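Input: a single structure, listed below in structure tokens.
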Amino acid sequence: MRDNYMAGSAANRKLLMALRIIAAVLVTLVMFFPVYWLLISSLKTQAEMRMAVPTFWPQSFAWENFAEAFRVIPYARYFGNTLIMAVGTIILQLNVALMAAYAFAKGQFRGRDALFLLVLAALIVPEQVTFVPVYVMMSKLGWLDTFLALIVPHGASAYAIFLLRQSFKSINNDVLEAARVDGAGRFSILYKLLLPMALPTVVTMGVLIFISTWNSYFWPLIMTNDNDMRVLTVGIAMLRDSIAGNEAMFFHIIMASSVMAIIPIVLVFTVMQKHIVAAMANSTFK
Amino acid sequence: MKKKTWLLTLLTIVMIMTTACAGGSGGSGNAGGEVNLDDVEAASMDLKNDTTPIKIQYWHSHAEAQLEGLNYMIGEFQKKYPHITVEPVFQGGYPDLHKKLSAAVAAGDVPAVTNVEVSSLPNFADSGVFADLGPWIKRDEVNMDDFAQGMLNAYAFNGKQYGFPLIVSTSVFVYNKTMLDELGVEPPQKWDEIEAFNAKVVKKEGDKTTRYAFSVPGWDTWYYDPWNINGGGQILTEDMSASAVENEDSLRYLQNFYKWQNEGSMHMGFGKGASDNMRQMFLNGEIAMVQHTSAMLKMYRENADFEVGVSFLPGDKKRTSNIGGAGIVMMNGAKDLEKEAAWKFIEFMTAAEHNIKWAESVGYLPTRKSAIESEEGDQYFERWPQYRAVYEHFDEVTPRLQHPAYPEFSEVYKEVIGEMVLNKKDPVPLMQEAAKKINDILMDYE
Amino acid sequence: MGTNPKLNKAAPNRASASVSRRVSNSVIEKWKDFAFSVPALVFMGAFLYFPLLYSIYISFTNWNMTRPVMKFVGANNYTRLLTNEEFYQSMKVTFLYTLMDVVFTLAIGLLLALLLNVSSSRLFGFMRGVIFMPYYISMVIAAMVFTWIYNGQYGLLNQVVSWFGMDPVEWLINPSTALPALVAVSVWKGVGFAMILFIAGMRGIPAEYYEAASIDGASRLRQFRNITLPLLSPMTLFLVITSFISSMQVFQSIDVMTDGGPLKATNAIVYWIYTMAFVEFKTGRASALVMILFVIILLLTMFQMWVSRKKVHYEG
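Protein chains in written order, with full-length UniProt numbering: chain A, 1 to 286; chain B, 1 to 446; chain C, 1 to 316.
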């Protein structure tokens, strides 16, 4: 196939492949180990967590850790909140980015490249340094403790605009012109022509936005004060705070709630992995 | 062409600036103080008797283990004042709570009543974030003498009472009574007794200590500030204008710590997670006695397979221990009616009536003398004999140094302790350097 | 720049329209094009550039978020920062972290890509999925798991280390190991993503290049050096710049694992800004630090772009 095994005899090649598989399996195991550790720690009892020599398999499965985690964290509520935040952000950010990418890749107007640089420069601003004015703004608008405060400030992502623009740029202008001659407007060109052609990149962007939103912690922490508006990451970190000073005592519970928080995202990826990785491989990352 | 590009960029910036001004003027101006209430009027009798239904938020840091007690108290409160609804909101540990409070103040959108960690009170109070409770105290004739004076003073600043002690702790020595009884030693009450105590308790294998006599936490200045004071020293000079950590008396405890640490009789932990380590070493019998917050006593009692005792910090020129935990305060930015409701809640939460029950359910110390002397108080001490050691020194539990810049400059001498613990450096010369930095911070402060 | 020449060719009927109409038409078209960028610009203006400009203004004052008064203090915040040794310590920590993070993430990512780029195998596809997994696990959770792994008393790492006859280490409490410990978490999380991108880049390289090279008798190593590496350079540049920017802003893992300690060994800039604003309540000074950080990242990113102009090979 494409793997460029051209040199050497068949036997040699087989040996190489065997070595390669062994190495790959070893690396994979090492990479997976922290996740494994998370899983088994969530099933250990407090006493087993604190053994001088850590055990690699739980002596007995402490499912009650999960019951306890469920008791402390309103899981369904937090899960729903996280999902709404993630989906809302994907929809808003993708549409804004598609339009902007179109303008910056195919549009013809003065100052285009300067404005694009302004957009790109946004990559280098961490949210830890901009949130105070935004918080004040959200408060004035009465948006605190609503999904608006969680979603709207993330409406534009420099990263998404950049990647989609790259992707659009690689599409030949002739195709666009043909559509334009047929009387297609900008929106239909963007959504009916460019979007399907750049689909791998769009899907990849959607996935990346989902990952970063699902896992975001800082923003939802600051923008929500209400128990009912918390998301999973904040809920877990709060759990950690609410047993402050006693951290080691309750680590098994923290681990159990962490497992609950990553299960949805792991499921999504396991089911969709093939498509996601394929989309990522085909998207324009240059 | 080039010019025009720049023009457009400039235009965009102007556009953004306009947005900036619109949002910004509100953001900076309305920071709590603007409301400018006449406090005496706010605490009027009319408001006191107003029973318009009202809902207030109570921001807190009550950990999971304290929630049951909190819910009970809120339930009782609502029985007494049916027109007031208190919505408790957990905001994380103290650092997170304080961050959220300052963001809320900047936005001019504050809860009516909140917790505040005791050492951060001066900073917030100095900014005018908290309401002076004086008028309400006067109006409702709260018996201030019933509180332990040190605890009350910890929530006063510049002569005004901004809050009441709610969950009060102090640092004590928690000791392995079973072990000390076997060895036939008592926890030291004076610095002079410490070396003899060490000699009897420390166990070594070669150079390595296998059992430390005691441990003082290095990760929080709250634990060794009283050592400084007890040695006759100070953190700042009397008028709070300059550092005093480098003075001869202020260095006495450090010289001792350095010596005890080097000879392997004293353990000190530093950094995140050091608290867990210390606790585990104590539970394993590798440390005979640990200085820790009284709030951890319950945890120690539940997890130790030996009898646990409590002893007040040993003294020298003085004998004191600092107040920790959090108080309950009212936000200045709240509306009049909210403030009235907040006051009722504050009064209720700190009243003598529920004082023992509250303290026991959250694992902190009772604050009311009348409650301690009551029959309920006697029963409490029967269940928690360890706390007697604290109450024998009730008046020696004192406020921490109150300075708005304390959270910042205390980091400087904490670093010195860190250098001593982690890098085995002599703290005395380092403290001279630290003093310069502290003075710099103090100069910068106003 | 200018109107697209193809437009005129493809639309001959427009040539008959009057000159003035053509001009006004094309102006309208340009505005329509511009309009598509407006949503993004508005969002960025409101939630990014406004806060940033506001921070510039704040950085010249002594504002404390909780205080109504704001006094103009000129460049005082900047001079105090630049004369403070803590600033240089924090910069050192940030750069050290960034350097280690970028180098290890990219190098390991590339090695993994070489190892795991077997397109026809289900097993390899599965393994790539597993290696990618840390990328989508929340940093909050990852940091907590690693806190436990690094624990001095019951940690897994000390157990592993003891098999090699070494003494246990307090990984997060020891000033010399705390920073590398943080880097390791970030690398663990990031290598899967780098690997996927490198593989995507490798698959974009036409097979003929390798065929031609092997006919010429070039060794695998030489093929890698002369074909793979140069043709991967756009991807590498992308990864270098994005991971540089995110490493410079490291915050979450510090917040969970070390609080900037021990002895400021992990007090990276963004974390310091955060504590300055919220523990010391010096919003003005924190804003000044934001500006300094912003300028540093901007300059370094531009520098990277400039270097890359000379080095990066674009196909075609």
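Cβ coordinates follow ideal geometry from the N, Cα and C atoms, glycine included.
Bear in mind the structure is a predicted one, so any value in this text is a computation, not a measurement.
Check	Outcome
Run of the alpha helix (DSSP H) containing Pro-34(A), from where it starts to where it stops	10-41
Buried versus exposed, by CB contacts within 10 Å (16 or more), Trp-136(B)	buried
Straight-line Cα distance separating Pro-51(C) from Val-134(A)	7 Å
Cβ neighbours of Met-45(B) in the same chain (closer than 8 Å, five flanking residues each side left out)	Arg-139
CB contact below 8 Å: Arg-292(C) versus chain A	The sequence given here has Ile at residue 292(C), not Arg. No, because no Cβ of chain A sits closer than 8 Å to the Cβ of Ile-292(C).
Beta carbon proximity, Met-443(B) to chain A, threshold 8 Å	no
Partners in chain A for Val-89(B), counting only beta-carbon separations shorter than 8 Å	Asn-225, Asp-226, Asn-227
Interface positions of the stretch 63-84 of chain A facing chain B (Cβ-Cβ less than 8 Å), listed along the chain	Val-72
Where the stretch 38-68 of chain B meets chain A: residues whose CB sits under 7 Å from a CB there	Ala-63, Glu-64
Sequence ranges, alpha helix (DSSP H) only - wholly within the stretch 162-196 of chain C, length at least 4	none
C-alpha distance - Val-271(A) paired with Pro-180(C), whole-angstrom precision	34 Å
Residues sharing a beta bridge with Leu-236(B), DSSP	Ser-243(B)
Cβ-based contacts, 8 Å cut-off: residues of the stretch 127-154 of chain C near chain A	Met-127, Arg-128, Gly-129, Val-130, Ile-131, Phe-132, Met-133, Pro-134, Tyr-135, Tyr-136, Ile-137, Ser-138, Met-139, Val-140, Ile-141, Ala-142, Met-144, Val-145, Phe-146, Trp-148, Ile-149, Asn-151, Gln-153, Tyr-154
Burial state of Gly-29(B) (16 or more Cβ within 10 Å)	Bear in mind that the predicted position of Gly-29(B) carries a pLDDT of just 35, short of 50, making it unreliable; the figure below should be weighed with that in mind. With fewer than 16 other Cβ atoms within 10 Å, it is exposed.
Within chain B, partners of Leu-172(C) - CB distance below 9 Å	Gly-271, Lys-272, Gly-273
Interface partners of Ala-106(B) on chain C, CB under 9 Å	Met-65, Thr-66, Thr-283
Contact list for the stretch 255-273 of chain A against chain C, Cβ threshold 8 Å	Met-255, Ser-258, Ala-261, Ile-262, Ile-265, Val-266, Phe-269, Thr-270, Gln-273
Where residue 450(B) sits in the DSSP three-state scheme	No statement about residue 450(B) is possible, as the shown extent of chain B runs from 1 to 446 and does not include it.
Closer than 8 Å to chain B by CB, Ile-222(A)	yes
According to DSSP, residues forming a beta bridge with Lys-203(B)	Arg-211(B)
Presumed contact (8 Å Cβ cut-off) between Gly-107(A) and Phe-43(C), rounded CB distance	Incorrect: roughly 18 Å between the Cβ atoms, too far for contact.
Amino acids of chain A, ordered along the chain, whose beta-carbon sits closer than 8 Å to that of Asp-109(B)	Ser-139, Leu-144
Continuous alpha helix (DSSP H) assignments of at least 4 residues falling wholly in the stretch 174-249 of chain A	199-214, 218-223, 232-242
Test item: CB-CB of Leu-94(A) and Val-207(A) under 8 Å	no
Exposure label - Pro-34(A); buried when at least 16 CB within 10 Å	buried
Residue nearest to Leu-180(B) in terms of C-alpha spacing, selected from Lys-190(B), Asn-198(B), Val-172(B)	Asn-198(B)
Proximal residues of chain A, C-beta to C-beta of Pro-262(C) below 8 Å	Per Cβ cutoff of 8 Å: no residues; Pro-262(C) is ~17 Å from chain A at best.
Alpha helix (DSSP H) segment containing Gln-255(B), residue limits	252-262
Reduced DSSP secondary structure (H/G/I, E/B, other) of Ile-84(B)	strand
Contact set for Ala-244(A): own chain, Cβ-Cβ below 7 Å, skip 5 residues either direction	Because the pLDDT of Ala-244(A) is 49, which lies under 50, any placement of that residue in the model is unreliable, and the number read from its coordinates should be weighed accordingly. Excluding residues within five positions, none has a Cβ falling inside 7 Å.
Proximity test, Ala-179(A) beta-carbon vs the ligand ADP heavy atom, cut-off 7 Å	This structure lacks the ligand ADP; in fact it carries no ligand of any kind.
Touching by the beta-carbon criterion (3+ pairs, under 8 Å), the stretch 263-279 of chain C and the stretch 114-131 of chain A	yes
Nonlocal neighbours in the same chain, by C-beta distance under 8 Å from Phe-270(B), ignoring five residues either side	Gly-218, Trp-219, Ile-417, Gly-418, Val-421, Leu-422
Test: Leu-82(C) CB closer than 8 Å to a CB of chain A	no
Burial state of His-154(A) (16 or more Cβ within 10 Å)	buried
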